[in-house]
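The sequence shown: position 92 = 1439 (the numbering used here), numbered continuously.
Taking it in order: structure first as structure tokens, then the write-up.
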Amino acid sequence: MILSLTACSNREKMENNDSIFTKGDLVPAENFTGSAWNKVLVANDTVYNVITGKVYFEPGARTNWHSHPSGQILLIIDGEGFHQIRGEAKQLLEKGDVVKCPPNVTHWHGASASKAMSQMYIVPNTENGIVNWMEPVSDEQYQSEN
Ligand code: MN
């Protein structure tokens, strides 16, 4: 079909590109700014002690500041976004990027202001805990380079 890729919005293309997995459920507003959808693909259990899934962040959407007791691995599968460790410069994320977020390090991740982002996440060693949520990333922090 030669049809209408050009007629698709970026958001429609995004959803088509990562449609190998379903969109999942809207994330809880108390832990995120903006709208994002989480699809858990491997639920936590005591055999594997790992959680794997996908989050689709709309443009401007991001996590609160948070940390993971055993760290987290992010695999960026579409779009554009950021990862920032508290006190360090924002890191641009693009499709194909892989990020290792160290254990117990406060950080956030999410979409850029103009483009959505889809990330796969892996949270290992969940016997130590999964995530410790903190305060929202303010608009000022989000727009700052560092
Ligand atoms: Mn994280």
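Ideal Cβ placement from N, Cα and C applies to all residues, glycine included.
Q.
So, with DSSP's three-state summary, where would you put Thr1380?
A. Position 33 of the sequence shown, counting from 1, holds the residue named residue 1380. Three-state result, Thr1380: strand.
(Q) I need the straight-line Cα distance from Ile1420 to Met1467, nearest angstrom please. (A) If you number the sequence shown from 1, residue 1420 lands on position 73. If you number the sequence shown from 1, residue 1467 lands on position 120. Using only the alpha carbons, I get a separation of about 8 Å.
**Q.** Where Arg1433 falls, given that 16 or more other Cβ within 10 Å makes a residue buried
**A.** As a working mapping, residue 1433 is identified with position 86 in the sequence shown. Label assigned to Arg1433: exposed.
Q.
As a quick exercise: from Gly1443, Ser1465, Tyr1489 and Ser1417, pick the residue whose alpha carbon is nearest that of Ser1366.
A. Position 19 of the sequence shown holds residue 1366. With distances taken between Cα atoms, Ser1366 lies closest to Ser1465.
Q) Are there 16 or more other CB atoms within 10 angstroms of the CB of Leu1439, so buried, or fewer, so exposed? A) For the purposes of this step, residue 1439 is identified with residue 92 of the sequence shown, where counting begins at 1. Flag for Leu1439 reads exposed.
Q: Label Pro1406 either buried or exposed according to how many other C-beta atoms from any shown protein chain fall within 10 Å of its C-beta, with 16 as the threshold for buried.
A: Looking up residue 1406 in the sequence shown gives position 59. That one is buried.
Q. Can you list, in chain order, the residues of its chain whose CB lies under 7 Å from that of Asn1451, leaving out five sequence neighbours each side?
A. In the sequence shown, the residue the question calls residue 1451 occupies position 104. Same-chain partners within the cutoff: Ser1414 and Pro1416.
Q) Enumerated in chain order, which unbroken segments of the beta strand (DSSP E) with a length of 3 residues or greater are wholly contained in the segment 1386 to 1412? A) 1397 to 1404
Q: For the alpha helix (DSSP H) containing Asp1444, list its first residue and its last residue.
A: To locate residue 1444, count along the sequence shown from 1; it is residue 97. Note, Asp1444: premise wrong, no alpha helix (DSSP H); not H, not E.
Q) Taking the continuous alpha helix (DSSP H) assigned at Glu1487, which residues delimit it? A) To locate residue 1487, count along the sequence shown from 1; it is residue 140. Looking at the DSSP string, the run of the alpha helix (DSSP H) that includes Glu1487 is Asp1486 to Gln1490.
Q) Does the beta-carbon distance from Lys1442 to Ile1469 come in below 8 Å? A) The residue you call residue 1442 lines up with position 95 of the sequence shown. The residue you call residue 1469 lines up with position 122 of the sequence shown. The answer is no: Cβ separation not under 8 Å.
Q.
Within the continuous beta strand (DSSP E) that includes Val1470, where are the two ends?
A. For the purposes of this step, residue 1470 is identified with residue 123 of the sequence shown, where counting begins at 1. Taken as a continuous stretch (DSSP letters only), the beta strand (DSSP E) holding Val1470 covers Met1464 to Pro1471.
Q | The beta strand (DSSP E) enclosing His1415, as first and last residue numbers | A | Along the sequence shown, read from residue 1 onward, the residue named residue 1415 stands at position 68. No beta strand (DSSP E) holds His1415; DSSP gives it neither H nor E.
Q.
Give me, in chain order, the residues of the same chain whose beta-carbon lies closer than 6 Å to that of Val1389; leave out the 5 immediate sequence neighbours on both sides.
A. Translated into positions along the sequence shown, residue 1389 becomes position 42. For Val1389, where only same-chain residues beyond five positions count, the Cβ hits under 6 Å are Thr1399.
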